[in-house]
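*Asks:* Take any residue in the sequence shown, count from 1 to its spot, add 668: that is its number in the numbering used here. Before I ask anything, here is the structure I am working with.
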Amino acid sequence: MFNAGRLQVARRRRRFTKSELASRVGVDLRAVTAYERAEYEPSFETLTRIAAVLDFPIGWFSDKDLHQPSSQTASFRSQARMAAGHRDAALASGALAFLLSDWLETRFTLPDPDLPDLREEEPEAAAITLRQHWSLGERPVKNVVHLLESKGVRVFSMAEDTTEVDAFSLWRETTPFVFLNTMKSAERSRFDAAHELGHLVLHRHADPRGKEVEHQANTFASAFLMPRGSILGHAPVLPNLNALIKLKKFWIVSVAALAYRLHQLGALTDWHYRSLCIEMGQRGYRINEPDEAPREMSLVFPQLFKALREEKTTRADIAGELQINVEELDKLVFGLMLVGLDGGNSSGAANSKANLQIIK
669 MFNAGRLQVA
679 RRRRRFTKSE
689 LASRVGVDLR
699 AVTAYERAEY
709 EPSFETLTRI
719 AAVLDFPIGW
729 FSDKDLHQPS
739 SQTASFRSQA
749 RMAAGHRDAA
759 LASGALAFLL
769 SDWLETRFTL
779 PDPDLPDLRE
789 EEPEAAAITL
799 RQHWSLGERP
809 VKNVVHLLES
819 KGVRVFSMAE
829 DTTEVDAFSL
839 WRETTPFVFL
849 NTMKSAERSR
859 FDAAHELGHL
869 VLHRHADPRG
879 KEVEHQANTF
889 ASAFLMPRGS
899 ILGHAPVLPN
909 LNALIKLKKF
919 WIVSVAALAY
929 RLHQLGALTD
939 WHYRSLCIEM
949 GQRGYRINEP
959 DEAPREMSLV
969 FPQLFKALRE
979 EKTTRADIAG
989 ELQINVEELD
999 KLVFGLMLVG
1009 LDGGNSSGAA
1019 NSKANLQIIK
């Protein structure tokens, strides 16, 4: 049976308006609207054209209902300047991630979420509380993605060809999800991950939109990645930009984020901070991060794919069960599926659930 919701997800994933899809398929706009409202179904011939235009397997459009993230429950860092098409495409990728996550969780026991509800705390205090809860002390976080995964956060990537969508997060019932844009520098992606962590602990099941909640998440991320005591203990007196570039490697943050944090804590005067910002702009560091760190990748997915490969489960098996192209799935897992599941003979998934052990 034709599933109208799946047509909407596929169309939004490709960033097509209803008019664009209608034009490409060769039907009237009213027909596409009726399909998505489940008022009537497309003919098999029309559905075949829709599948070809949207590059989704035809079986996708007749599978079970999807759980779709909504713009009311998902936090987007750059929502104010984001085009609706980019937002909807990102949310559609979230629906695909939910499918993959559910498929994996029928085969593996992943870490349970360990995120306290910190809605009653101020952002800086919440960052301290969470560090204490996770026994991090004030040392730098070596890998934010690995840390989140070890605490039960489901972290997925977005291969969006735009910087409009920085990242987003949401709670799906009791499971936290974070989606990161792989187009950004490693340092900025780490900050995005910490920012979304802030939303998860500060705005749990609340409306995560608006300037105030964005400011709170930014403050949390800054304090979480650069704890007050540690950063003041390492900060040089009147540092120049080259000194900050060297120092930023200790916390693995952007030079702009480090300068902002030092200024916020009173280690830089207003004049000194403005001078550094001007110099960063002149050197192009607002766009291109100097001495960029290696990009953080998932620790969970390589372990899962290794176990599946040992069970002779191929990437084609997974794509076939989910009715999604392999390339689409690979975009969700930091490009690791094509490598992790290369080869093997199809024989179905693992016979019993395996426990996943994550070493931070």
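Every residue, glycine too, gets a C-beta built ideally from N, C-alpha and C.
Grab the span of the beta strand (DSSP E) containing LEU848 for me, first residue to last.
*Replies:* Its beta strand (DSSP E) spans residues 843 to 849.
*Asks:* For a quick check, are the C-beta atoms of PRO844 and ARG822 less than 8 angstroms apart?
*Replies:* It is a contact, given that the beta carbons lie within the stated cut-off.
*Asks:* DSSP state of ALA885, grouped into three classes?
*Replies:* Reduced to three states, the DSSP call for ALA885 is helix.
*Asks:* Within 10 Å of its beta-carbon, does ILE955 have 16 or more other beta-carbons around it, so buried, or fewer, so exposed?
*Replies:* Counting Cβ neighbours within 10 Å, ILE955 comes out exposed, since fewer than 16 surround it.
*Asks:* Using DSSP with H/G/I as helix, E/B as strand and the rest coil, what is ARG963?
*Replies:* Here ARG963 sits in coil by DSSP.
*Asks:* DSSP has LEU838 in a bridge; who is on the other side?
*Replies:* Partner(s): PHE845.
*Asks:* Can you find the residues in the same chain that come closer than 7 angstroms, C-beta to C-beta, to GLN991, ignoring five residues on each side of it along the sequence?
*Replies:* If we look at GLN991 and ignore the five residues flanking it on each side, its Cβ neighbours are PRO725, GLY727, TRP728, ASP731.
*Asks:* Please tell me whether GLY820 and PRO784 are closer than 8 angstroms, where the distance is taken between their beta carbons.
*Replies:* No. Outside cutoff.
*Asks:* Where DSSP assigns a beta bridge to PHE744, which residues make up the other side?
*Replies:* DSSP, once it has assigned bridges, lists PHE836 as partnering PHE744.
*Asks:* At a Cβ threshold of 8 angstroms, is VAL677 touching chain B?
*Replies:* In the structure shown, chain B cannot be found, because there is only a single protein chain.
*Asks:* Note the first and the last residue of the continuous beta strand (DSSP E) segment covering VAL823.
*Replies:* That run of the beta strand (DSSP E) goes 822 to 826.
*Asks:* Shortest alpha-carbon distance to THR656 belongs to which of MET1005, VAL1001, ASP770?
*Replies:* With the chain covering only 669 through 1028, there is no way to say anything about residue 656.
*Asks:* Do you know offhand how far ILE1027's Cα is from SER803's?
*Replies:* With a pLDDT of only 44 at ILE1027, under 50, the local geometry of the prediction cannot be trusted, and the value read off the model is given with reservation. Roughly 15 angstroms between the two C-alpha positions.
*Asks:* I need the DSSP call for PRO791, collapsed to helix, strand or coil.
*Replies:* Here PRO791 sits in helix by DSSP.
*Asks:* Rounded to whole angstroms, what's the CA-CA distance from LYS810 to ASN908? Just pull it up for me.
*Replies:* Spanning the two alpha carbons is a distance of roughly 25 angstroms.
*Asks:* With DSSP as the reference, label THR716 as helix, strand or coil.
*Replies:* DSSP places THR716 in helix when its eight states are reduced to three.
*Asks:* Measure the C-alpha to C-alpha separation of GLU704 and HIS873 and round it to an integer number of angstroms.
*Replies:* If I take the Cα positions, the gap works out to 28 angstroms.
*Asks:* How would you write the range of the alpha helix (DSSP H) that GLU995 sits in, first residue to last?
*Replies:* First-last of the alpha helix (DSSP H) with GLU995: 994 to 998.
*Asks:* Do ALA924 and MET948 have their CB atoms nearer than 8 angstroms?
*Replies:* Contact flag set, yes.
*Asks:* Given that a residue counts as buried once 16 or more other Cβ atoms are within 10 Å of its Cβ, and exposed if not, what is LYS974?
*Replies:* By the neighbour-count rule (16 or more Cβ atoms within 10 Å), LYS974 is not buried but exposed.
*Asks:* Kindly indicate which three-state DSSP category ASN908 falls into: helix, strand or coil?
*Replies:* If DSSP states are grouped into helix, strand and coil, ASN908 belongs with coil.
*Asks:* Since TRP939 is in the alpha helix (DSSP H), which residue starts that stretch and which ends it?
*Replies:* Looking at the DSSP string, the run of the alpha helix (DSSP H) that includes TRP939 is 938 to 951.
*Asks:* What is the DSSP secondary structure of TYR928, reduced to helix, strand or coil?
*Replies:* The answer is helix: DSSP assigns TYR928 an H, G or I state.
*Asks:* Which of the three DSSP states is assigned to ARG977 in this structure?
*Replies:* ARG977: helix per DSSP, three-state reduction.
*Asks:* For PRO791, count neighbouring C-beta atoms within 10 Å of its own C-beta (all shown protein chains included) and say buried if the count is 16 or more, exposed if not.
*Replies:* Buried: at least 16 other Cβ atoms inside 10 Å.
*Asks:* Taking Cβ to Cβ, would you say GLU855 is nearer than 8 angstroms to GLU960?
*Replies:* Yes. Within cutoff.
*Asks:* If you draw a straight line from the alpha carbon of HIS867 to that of VAL695, how long is it in whole angstroms?
*Replies:* Approximately 42 angstroms, taken between the alpha carbons.
*Asks:* Write down the C-beta distance between ALA835 and PHE847 rounded to the nearest angstrom, noting that I regard them as a contact closer than 8 angstroms.
*Replies:* Indeed they touch by this definition, with Cβ atoms about 6 angstroms apart.
*Asks:* Using only the alpha-carbon positions, how far apart do ARG896 and LEU722 sit?
*Replies:* Using only the alpha carbons, I get a separation of about 49 angstroms.
*Asks:* Among LYS686, MET669, ILE913, LEU906, which residue has its Cα nearest to the Cα of TRP939?
*Replies:* That would be LEU906, whose Cα lies nearest to the Cα of TRP939.
*Asks:* Hey, quick one: how far does the alpha helix (DSSP H) through ALA699 stretch, first residue to last?
*Replies:* Run containing ALA699: 697 to 704, per the alpha helix (DSSP H) assignment.
*Asks:* Kindly indicate which residue of LEU715, GLN736, HIS814 has the alpha-carbon position closest to the one of MET669.
*Replies:* Checking every option, the nearest Cα to that of MET669 belongs to LEU715.
*Asks:* For LYS999, I'd like the list of residues in its chain whose CB is within less than 8 angstroms of its CB, leaving aside the five on either flank, ordered along the chain.
*Replies:* Once the five neighbours on either side are set aside, the close Cβ partners of LYS999 are SER761, SER825, MET826, ALA827.
*Asks:* Just the Cα atoms here: how many angstroms apart are ALA927 and THR937?
*Replies:* The straight-line gap from Cα to Cα measures roughly 11 angstroms.
*Asks:* Per DSSP, what kind of secondary structure is TRP802 in: helix, strand or coil?
*Replies:* In the structure shown, TRP802 sits in coil (DSSP, three-state: anything other than H, G, I, E or B).
*Asks:* Return helix, strand or coil for LEU815, following the three-state DSSP convention.
*Replies:* Looking at LEU815 - three-state DSSP - the assignment turns out to be helix.
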